[in-house]
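Protein chains in written order, with the numbering used here: chain A, 930 to 1024; chain B, 235 to 716. Below is one structure, written out as C-alpha cells; comments come after it.
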C-alpha cells in the first residue's frame, strides 16, 4: 500500500477531471498526506476478515411487474444544458 | 411572543388550536430570515410566494399541518432548486419530490427554502459551499460545522422551526453539536434515500435537525419507513418514535468508550461530556466502561470508502443531462474534463481523485477491499458493545466550532472534525447529538454536543436517553444573541 506511485494527474484523467498545474501540485501533496494516514491500516491483521460493502445487505428486492407512470419526457429534458427535438445533444464521439 | 423562537411541536399546537395561521407562521419566518440571515447565510434561497401558496392550502388536521421545515440543498423538492451548493448544478430545478418530501407534504408540513452545505455534502464546515460559508450563530467568526451547517445554523438562529439534513460521516450530528441543536442520524435504511443526491450510497442517511428531542421524534415519525423506490430501505414497520419519550433512564446501561477520550479532545468538551454522563448516572442510568478497539482506524477506513463511492456516484455529472456544461470545448474528453474542472470545487475533486485511486486497477485490494474489511471490524466493535449496553455516550465533535479558514488549507485536519461520528455510518447504527453545555473561547459561549449511539433501529432508545437528559437540563433553551 505505497503511495509513492500515486500520480494525481493520471488518476484525474481516469476520473475525467482536467486540473491546472497548481491544482496538480496542491492535490499531490494534500492527498499524499491523506494516503500516508491511511497506511496505518496496514497494522491490522485482516487475513480472516470478510469485507463489508453494506451494513445491512438486502438481496433480490423485487416489485410487482406493473406499469407505472414515469418522469414525463419534457420534465426529464428540462434541466439539459443542450437539447433539441426531445433529445439530449451530446458532444460528438466519433469523428 | 416571537413565533420563530417556537419549536416545531409548539408551532403545530398553536396552528391546530387556530391561535395562529399558517400564513402568519410563514410571514414571521420570512421576516426573521430577512433580518438575521445576512449575518448567518444559512439559506441559499427561499421562495416566500411558494410558501404562502402552500400555507393557504394547509389542512390543520394533519400531524405537522402548516409548519415550514427547512431543507438541505441536497434533497429534491419538485419545482425548487436543488444544487448541492455546487456550481455544477447551478440552475437545476428538481423534477420530482424525494420520498421524505412527499411524506412531509402528506403530513401537512411545508418544505421551505434551501439550506447551505458543503458542496455535495463533502466537508465539516460549509466552507466548501460554492456560494460562500454559513456562520455559527453563537460566534459568526466561526463555522457552523458541516456538511449540514446551513440546516443547523438556521435552526439555532430561529430562522427555521426544524430542518432536514443528510449524514454520511457526521454531517447532521457534528453541525448540530457545534450550533447547539438536536441532530439525529437514523439507522442506515430507516429513511428512504430516494431523491437525496447520492454522495456515498452505503453511508448516506437523511435525518432531522431540531430545537428539541420531541421534534426529532415527530419528524422521524413522518419521514421513516420502507419505500419501494429505495431498495436499501429496510422493510420495518413504522415505529412511533415518541413512544419511549418520558420513560427516563433508570436501570438503563450506558457505555462510555475509552477510545473517545483521547489526545486531541478539547478539555472543555471533555468536561461537559463527562458532566453530562454523570448527570445521566444521577438520573438512574448505569454507566459502564466499554471499548471500541478499532476506533483509531475509522477515519482511514472512511476516507477510502466514502470517496470510492463518491467517485462512482459523481460520474453522472457529465454536462449532458443536467447541470453545468463547459463552453468552447473540442471533443468528448475535453467536454468531460473541462465541465468537471469548472463545475466542481476543490474538495469534491480531491475526493473523486482519492476514490478513483482507491478503486483503480492494482490498488483496489490494497485500499478499497482493505477498508471494507476494517469496516467489518468496526461493525463488530459496535455489535459487541451493544451486547453489554443499551446505548453508547461520547462526545459528538472533538472540539467546539473552529474559526473560518482555520482548517481549509489542510484537508486532513478538516477530516479529523468527524473522528467521533463517522464510525456510526460505517456500522449503519443510529446516533443523536444533543446540547450539553458550553465551552468558552475568547469570551464567546460555544455549544458542546453529547452523542448518544444506539443499535440498529433503536432510535426510540437513544431518543429516550436524549429526552431524559434534555428535560432535566436547560441547555436546549439557550439562544444565541443575534
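Note that CB positions come from ideal geometry on N, CA and C, so glycine has one too.
Identify every residue that forms a DSSP beta bridge with residue i.
i, result
"residue 370(B)", "373(B)"
"residue 413(B)", "BP columns for residue 413(B) are empty, so no partner."
"residue 523(B)", "490(B)"
"residue 1017(A)", "1012(A)"
"residue 425(B)", "458(B)"
"residue 947(A)", "DSSP output for residue 947(A) lists no bridge partner at all."
"residue 430(B)", "309(B)"
"residue 358(B)", "Answer is none; residue 358(B) lacks a bridge partner."
"residue 673(B)", "680(B)"
"residue 333(B)", "DSSP output for residue 333(B) lists no bridge partner at all."
"residue 344(B)", "302(B)"
"residue 418(B)", "666(B)"
"residue 349(B)", "277(B), 306(B)"
"residue 685(B)", "628(B), 667(B)"
If contacts are defined as beta-carbon pairs under 8 Å, then residue i and residue j qualify, I think. What distance do you get, rounded to the angstrom?
i, j, result
"residue 467(B)", "residue 460(B)", "5 Å"
"residue 699(B)", "residue 490(B)", "Not quite, the Cβ-Cβ distance comes to about 13 Å (not below 8 Å), so this is no contact."
"residue 978(A)", "residue 607(B)", "4 Å"
"residue 635(B)", "residue 547(B)", "The Cβ separation is near 29 Å, so there is no contact."
"residue 258(B)", "residue 274(B)", "That belief does not hold up - the Cβ atoms of residue 258(B) and residue 274(B) are roughly 23 Å apart, past 8 Å."
"residue 313(B)", "residue 327(B)", "7 Å"
"residue 398(B)", "residue 306(B)", "6 Å"
"residue 487(B)", "residue 679(B)", "Actually they do not touch by this definition, with Cβ atoms about 33 Å apart."
"residue 517(B)", "residue 702(B)", "6 Å"
"residue 545(B)", "residue 589(B)", "3 Å"
"residue 652(B)", "residue 404(B)", "4 Å"
"residue 718(B)", "residue 941(A)", "Missing from the structure shown is residue 718(B); chain B here goes from 235 to 716 and no further."
"residue 493(B)", "residue 525(B)", "7 Å"
"residue 344(B)", "residue 300(B)", "7 Å"
"residue 1017(A)", "residue 1006(A)", "7 Å"
Between residue i and residue j, what straight-line distance do the alpha-carbon atoms span, to the nearest angstrom?
i, j, result
"residue 382(B)", "residue 266(B)", "20 Å"
"residue 1011(A)", "residue 341(B)", "38 Å"
"residue 714(B)", "residue 241(B)", "15 Å"
"residue 705(B)", "residue 245(B)", "19 Å"
"residue 931(A)", "residue 968(A)", "No answer about residue 931(A) holds up, because its pLDDT of 44 lies below 50 and its placement is not dependable."
"residue 533(B)", "residue 650(B)", "8 Å"
"residue 212(B)", "residue 624(B)", "With chain B covering only 235 through 716, there is no way to say anything about residue 212(B)."
"residue 684(B)", "residue 666(B)", "8 Å"
"residue 676(B)", "residue 497(B)", "22 Å"
"residue 330(B)", "residue 510(B)", "43 Å"
"residue 318(B)", "residue 350(B)", "8 Å"
"residue 995(A)", "residue 654(B)", "45 Å"
"residue 429(B)", "residue 662(B)", "20 Å"
"residue 601(B)", "residue 964(A)", "10 Å"
"residue 536(B)", "residue 712(B)", "34 Å"
"residue 927(A)", "residue 581(B)", "Past the boundaries of the shown model lies residue 927(A); chain A is included only from 930 to 1024, so the question cannot be answered."
"residue 578(B)", "residue 656(B)", "24 Å"
"residue 500(B)", "residue 682(B)", "10 Å"
"residue 455(B)", "residue 949(A)", "48 Å"
"residue 694(B)", "residue 481(B)", "11 Å"
"residue 356(B)", "residue 520(B)", "37 Å"
"residue 362(B)", "residue 993(A)", "42 Å"
"residue 279(B)", "residue 471(B)", "36 Å"
"residue 208(B)", "residue 332(B)", "No answer is possible for residue 208(B): it lies beyond the span of chain B, which begins at 235 and ends at 716."
"residue 1015(A)", "residue 556(B)", "14 Å"
"residue 386(B)", "residue 408(B)", "9 Å"
"residue 570(B)", "residue 396(B)", "39 Å"
"residue 572(B)", "residue 542(B)", "22 Å"
"residue 943(A)", "residue 605(B)", "21 Å"
"residue 1021(A)", "residue 567(B)", "10 Å"
"residue 247(B)", "residue 375(B)", "36 Å"
"residue 368(B)", "residue 976(A)", "45 Å"
"residue 239(B)", "residue 423(B)", "32 Å"
Say yes only if the C-beta of residue i is nearer than 7 Å to one or more non-hydrogen atoms of the ligand HEM, and no if none qualify.
i, result
"residue 469(B)", "Absence of the ligand HEM is noted for the structure shown, with no ligands found whatsoever."
Name, going along the chain, the residues of the segment 994-1018 of chain A whose beta-carbon falls closer than 9 Å to a beta-carbon of chain B. Taking 9 Å as the Cβ-Cβ cut-off against chain B, the residues of the segment 994-1018 of chain A that qualify are 1000, 1001, 1004, 1005, 1006, 1007, 1008, 1009, 1010, 1011, 1017, 1018.
May I have a chain-ordered list of the beta strand (DSSP E) segments no shorter than 3 residues that lie completely inside the segment 553-638 of chain B? Runs of the beta strand (DSSP E) spanning 3 or more residues and lying entirely within the segment 553-638 of chain B occur at 625-629, in chain order.
Please list, in chain order, the residues of the segment 966-996 of chain A that have any C-beta partner in chain B closer than 7 Å. The segment 966-996 of chain A vs chain B, Cβ under 7 Å: 966, 967, 969, 970, 973, 975, 978, 979, 980, 981, 982, 983, 984, 985, 987, 990, 992.
Taking a Cβ distance cut-off of 9 Å, strictly less, list which residues of the segment 329-342 of chain B are near chain A, in chain order. Near chain A, meaning a CB-to-CB distance below 9 Å, the residues of the segment 329-342 of chain B are 329, 330.
At a Cβ cut of 8 Å, what residues of the segment 555-578 of chain B count as close to chain A, listed as they run along the chain? From the segment 555-578 of chain B, only 555, 556, 557, 558, 559, 563, 565, 566, 567, 568, 569, 570, 571, 572, 574, 575, 578 have a Cβ closer than 8 Å to chain A.
Which full runs of the alpha helix (DSSP H) of 4+ residues lie inside the segment 376-411 of chain B, going along the chain? Complete alpha helix (DSSP H) runs here, min 4: 383-390.
Quick one: which residues of the segment 654-672 of chain B get their C-beta closer than 7 Å to a C-beta of chain A? List them in chain order. Hits within the stretch, in order: 661, 662.
Residues of the segment 465-496 of chain B whose Cβ lies closer than 7 Å to any Cβ of chain A, in chain order: Answer set for the segment 465-496 of chain B: 465, 466, 468.
So if I threshold CB-CB distances at 9 Å, which residues from the segment 672-695 of chain B count as touching chain A? For the segment 672-695 of chain B, the set of residues with a beta-carbon nearer than 9 Å to any beta-carbon of chain A comprises 690, in chain order.
Going along the chain, which residues of the segment 943-960 of chain A sit with their C-beta nearer than 9 Å to a C-beta in chain B? Answer in chain order: 943, 944, 945, 946, 947, 948, 949, 952, 955, 956, 959, 960.
4 or more residues per run - each alpha helix (DSSP H) lying fully within the segment 438-484 of chain B: Within the segment 438-484 of chain B, the complete alpha helix (DSSP H) runs of at least 4 residues are 447-457.
Please identify, using Cβ separations under 8 Å, the residues of the segment 245-259 of chain B that lie next to chain A, in order along the chain. Taken residue by residue, none of the segment 245-259 of chain B has a beta-carbon sitting less than 8 Å from a beta-carbon on chain A.
Which residues of the segment 582-593 of chain B have a Cβ closer than 7 Å to any Cβ of chain A? Give them in chain order. For the segment 582-593 of chain B, which is checked against every Cβ of chain A, the residues closer than 7 Å are 583, 584, 586, 587, 588, 590, 591.
Please name the residues in the segment 411-434 of chain B whose beta-carbon is closer than 9 Å to at least one beta-carbon of chain A, in chain order. Taking a C-beta cut-off of 9 Å against chain A, the contacting residues of the segment 411-434 of chain B are 421, 422, 423, listed in chain order.
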